[in-house]
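**Q** When you line the sequence shown up against mature numbering (1 follows the signal peptide of the UniProt record, and there is no 0), it's residues -19 to -1, 1 to 132, in that order.
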Amino acid sequence: MFFSAALPLACLPSQPVQAVEGGSATLQCSLDPPVDLSSTAVEWNRGHTRYVHVYRSRRDDPDSQMLQYRDRTALNHGDLSRGVSTLTISNVSLSDNGSYEVYLPQRGVRCSTHLTVAAERRNRVLGVLIPAAFVIAIVWILVKLGVIRKF
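#1: Assuming Leu60 is part of the alpha helix (DSSP H), what are its boundary residues?
#2: Thinking C-alpha only, which one of Leu56, Ser74, Val120 and Arg102 is nearest Val23?
#3: What is the DSSP secondary structure of Ala55, reduced to helix, strand or coil?
#4: DSSP three-state call for Phe(-18): helix, strand or coil?
#5: Which one of Cys10, Lys125, Ala6 and Val35 has the shortest CA to CA distance from Val98?
#6: Are the CB atoms of Arg39 and Ser20 within a distance shorter than 8 Å?
#7: Between the alpha carbons of Ile122 and Val128, how many angstroms are there, rounded?
#8: Counting only the same chain and skipping the five closest in sequence on each side, list residues whose C-beta sits under 7 Å from that of Ser(-6).
#9: For Leu(-8), collect the residues of the same chain with a Cβ closer than 8 Å to its Cβ; drop the 5 residues on either side in sequence, then sort them by chain order.
#10: Am I right that Tyr81 and Leu96 are in contact with their C-beta atoms under 8 Å? What's the rounded C-beta distance?
#11: Helix, strand or coil for Ile70, going by three-state DSSP, please let me know.
#12: Per DSSP, what kind of secondary structure is Leu96 in: helix, strand or coil?
#13: Just to confirm, are Asp44 and Tyr36 a CB contact at a threshold of 8 Å?
#14: Check whether the Cβ atoms of Ser66 and Val83 sit closer than 8 Å, and answer yes or no.
#15: Count the other CB atoms, across all protein chains shown, that sit within 10 Å of the CB of Leu68; report buried if there are 16 or more and exposed otherwise.
#16: For Arg63, which residues from the same chain have a beta carbon less than 6 Å from its beta carbon, with the 5 sequence-adjacent residues on both sides left out?
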């Protein structure tokens, strides 16, 4: 059930979001009471003028967004009808760390959430040790079989 837009709206942010570098992060804010946002401008930004994703006139507006987010964001259009703005950022990087705000200019509502991106754990030691152990095992087998002689 949806309520009249004349009622004061509260924005309920999601909990802070955590993601691993290279993965995806889903940011979400919802209105209380729920109001259909599908015909409303929805602006996700960092700071007041740096657009991460813009939705206007019932469609995404990629020309308005910062280049670093181009082809990496997706707004869930189905959620908008339930008063929820859900933005997924793919291939997150450490530079994506920080606060994000969704702004609904026609309703004068702002909602913030925070994204923390952890560095991808690359265990370089295992990447060297496993192949080295494999080579040593092969050499040992070849020595035992007499294919390679000990000095």
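Think of the CB as a built atom: it goes at the ideal place given N, C-alpha and C, for glycine as much as any other residue.
Source: prediction; values computed, not measured.
**A** So, to answer that:
#1: Note that residue 60 is Asp in the sequence shown, not Leu. Looking at the DSSP string, the run of the alpha helix (DSSP H) that includes Asp60 is His58 to Leu61.
#2: Leu56
#3: strand
#4: In this prediction, Phe(-18) scores a pLDDT of 37, lower than 50, which makes its location untrustworthy; no coordinate-derived value is stated.
#5: Ala6
#6: yes
#7: 9 Å
#8: Leu8, Gln9, Cys10 and Thr94
#9: Cys10, Ser11, Leu12, Asp13 and Cys92
#10: 6 Å
#11: strand
#12: strand
#13: no
#14: yes
#15: buried
#16: Pro15
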